[in-house]
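See structure below.
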């Protein structure tokens, strides 16, 4: 049994259908990307998983069954709407929230000090939360999610407001947690980070699954319709090639549905075009995202 | 520690360790102490303990008998002068504060002259008339003279015979149930205000989603409620101790109003029976408001409406004093918000029928249950509406409950 199993959930608010039909599993010890355009239903799906909302239909199993009060202590959640008590010192705020997760005070203090050091917030722990910068509050929010050492983490847009240094720090922490067997669901619009971190993804659009599976397999699935070519000269029009565009000195040849890269290679060599580079173009996740969403909207 | 206690402790510490709380804690006793102290100062300024002279040309006080002095007043010495010149010299030497001249035809004319440089003290004037009266009655038996001089103690009794008080007005003991009701009222209004603020704060800080994925809504609200009750009790106990110290000091000083502390415990029990569901009712409504508004400030302006409702009996109290059984008094005794204070005020002069207390308890209890139902709906619908106000109409739309 996986830490999270979601089967055909649906949820509407009045006349608005936020989630139509979403299903996915999250395996233990993986980083799972929950992606989708704004208003796709990601946050609603997360709230259903966490039992904040009751689904209209469908089933959710979390950490081996339905959500219970005991399980809340084993889950770390960083919601889309960031929230910390603004009028109290950072340390007191984080220790209180950790205590609500059932963490003993001594243990929470030790873990907190370690995280504050690592996230460069130790000297700010006595400041009121509202006195911290946006980036510092974001790091504090991440610490709050991790402080009780959960086995399942659900984190919404973890990289917002972070500079490159802190962004790398958060990525390192997430990779360390994965290595320790912690399961992470990450919802973000930063496709580059998804490509670097996620093992599998689910792309939701208009409340339904549109893309789901292993990230490498998905990219392979979407490759093959384009090749990257570098030549000493300009390229003529080629049969089976729908479009030729320039990318950093290379040409990207977008192929027609019934054309294979081998067909193009044969054509190029037959025309005595000197090739410095010929490789199958693997699309970025961002390109896949745009393509899938646009195709979905066109339908 | 149970999570509910953690929430309670956090809520308590967050409020009690604020400077503003210390101000709330001390401001009311200080205000009362200032008012009482000012009264004592003004009264003492009106008194003057210097002797008072008199020239008895009517010979009604040839063998002067000192008058009994009541209360905590110091007896003023009355000095007899043979001539007005002697009295005037003494007045100018500031040995006496004033002197009276009883002319030879005093018994026929009732006329007396008072001579002073500065108006004599109230105590001196009062004691002079007691002194004069008892001496005029010197030929009567001492018992009659003394009784006439000290006046009559009248006890006012209600028609049902269950309420008695002196004609000088209710004693501190008579007022105790009203004070207890006021204390309950203060607890209800302050606690509910704190509670509304505590819930609204979660929305304002956008922490609701984090908190409800850590503990249940019941633990959250229960913990906040306990914390807020503890805050209210801290205030009440502190105020109670200050009042107790003040009352003991007043009794020690012999102030008459504080001598009788006996109270009707059945009234206190009736007050408590109404106060408990009233507390739940107002608290649940404050939770409802807290989850509906967008900020603590907005919530406070809503909660002031409830304070006004609670104060209605104080505004129309004169009507209860004239007729504690009139229809307005009965109606307000049964309604939510007004019942607690109305019944306590009516009980001061009248024994409120048991059926009215019972109906009031039922009404408050039903109201409390309805308010809890409303609060649970508001909490589910409003908890994640950061920066958005939840409209009352939506609370009653059944299809929204799934949110």
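Residue numbers (this note's numbering), protein chains in the order written: chain A, -18 to 280; chain B, 14 to 416. Every residue gets a Cβ at the ideal spot worked out from N, C-alpha and C, and that includes glycine.
{"Item": "Three or more C-beta pairs below 8 Å linking the stretch 93 to 109 of chain A and the stretch 155 to 169 of chain A", "Value": "no"}
{"Item": "Segment limits, alpha helix (DSSP H) that includes residue 142 of chain B", "Value": "135 to 149"}
{"Item": "Touch test, the stretch 245 to 261 of chain B against the stretch 152 to 160 of chain B, Cβ-Cβ under 8 Å, three pairs minimum", "Value": "no"}
{"Item": "Short CB-CB distance (under 7 Å) between residue 28 of chain B and chain A", "Value": "no"}
{"Item": "Where residue 228 of chain A falls: helix, strand or coil (DSSP)", "Value": "strand"}
{"Item": "Where residue 53 of chain A meets chain E, residues with beta-carbon distance less than 8 Å", "Value": "In the structure shown, chain E cannot be found, because the protein chains are A and B."}
{"Item": "Secondary structure, alpha helix (DSSP H): runs of 4+ residues fully inside the stretch 12 to 89 of chain A", "Value": "23 to 30, 50 to 53 and 71 to 81"}
{"Item": "Short Cβ contact (7 Å threshold) for residue 164 of chain A with residue 30 of chain A", "Value": "no"}
{"Item": "Identity of the residue in B/316, B/361 and B/314 nearest residue 335 of chain B by Cα", "Value": "B/361"}
{"Item": "Completely contained alpha helix (DSSP H) runs for the stretch 181 to 246 of chain B, where each covers 4 or more residues", "Value": "185 to 217 and 221 to 225"}
{"Item": "Which listed residue (B/39, B/56 and B/72) has its alpha carbon closest to that of residue 119 of chain B", "Value": "B/72"}
{"Item": "Proximal chain B residues relative to residue 96 of chain A, where beta-carbon distance stays under 7 Å", "Value": "Within chain B, no residue comes near residue 96 of chain A; the closest Cβ sits about 16 Å away, beyond 7 Å."}
{"Item": "Within chain A, the residues that residue 220 of chain B reaches when beta carbons sit closer than 7 Å", "Value": "64, 65 and 66"}
{"Item": "Partner residues on chain A for residue 201 of chain B, Cβ-Cβ distance less than 7 Å", "Value": "None at all; the shortest Cβ gap to chain A is about 26 Å."}
{"Item": "Per-residue contacts from residue 58 of chain A into chain B (C-beta, under 9 Å)", "Value": "222, 223, 226 and 227"}
{"Item": "Contact set for residue 171 of chain A: own chain, Cβ-Cβ below 6 Å, skip 5 residues either direction", "Value": "140"}
{"Item": "Interface residues of chain A facing residue 131 of chain B [CB-CB closer than 9 Å]", "Value": "Neighbours of residue 131 of chain B on chain A: none; closest Cβ ~58 Å, over 9 Å."}
{"Item": "Proximity of residue -11 of chain A and residue 39 of chain A at Cβ, strictly below 7 Å", "Value": "yes"}
{"Item": "Straight-line Cα distance separating residue 46 of chain B from residue 105 of chain B", "Value": "39 Å"}
{"Item": "The stretch 215 to 230 of chain A / the stretch 180 to 188 of chain A touching (three or more Cβ pairs under 8 Å)", "Value": "no"}
{"Item": "Beta-carbon proximity check, residue 290 of chain B vs residue 367 of chain B, cutoff 7 Å", "Value": "no"}
{"Item": "For residue 245 of chain B and residue 358 of chain B, the rounded distance between their alpha carbons", "Value": "23 Å"}
{"Item": "CA nearest to the CA of residue 282 of chain B, picked from B/389, B/374 and B/303", "Value": "B/374"}
{"Item": "Chain A residues whose Cβ lies nearer than 8 Å to that of residue 19 of chain B", "Value": "77, 80 and 81"}
{"Item": "Where residue 112 of chain B falls: helix, strand or coil (DSSP)", "Value": "strand"}
{"Item": "Neighbourhood of residue 96 of chain A by C-beta distance below 6 Å, restricted to the same chain and skipping five residues each side", "Value": "124"}
{"Item": "Interface flag, residue 23 of chain B vs chain A, CB-CB below 7 Å", "Value": "yes"}
{"Item": "Members of the stretch 22 to 35 of chain A near chain B, C-beta cut-off 9 Å", "Value": "28, 31, 32, 33, 34 and 35"}
{"Item": "Contact list for the stretch 30 to 47 of chain B against chain A, Cβ threshold 9 Å", "Value": "none"}
{"Item": "Chain B contact residues for residue 69 of chain A, given Cβ-Cβ distances below 8 Å", "Value": "27"}
{"Item": "As assigned by DSSP and simplified to three states, the class of residue 223 of chain A", "Value": "strand"}
{"Item": "Contacts that residue 50 of chain A makes with chain B (C-beta to C-beta distance below 7 Å)", "Value": "229"}
{"Item": "Of the residues A/70, A/128 and A/60, the one placed nearest residue 85 of chain A, counting alpha carbons only", "Value": "A/128"}
{"Item": "Exposure label - residue 236 of chain A; buried when at least 16 CB within 10 Å", "Value": "buried"}
{"Item": "Under the three-state DSSP convention, the category residue 212 of chain A falls into", "Value": "strand"}
{"Item": "Under the three-state DSSP convention, the category residue 94 of chain A falls into", "Value": "helix"}
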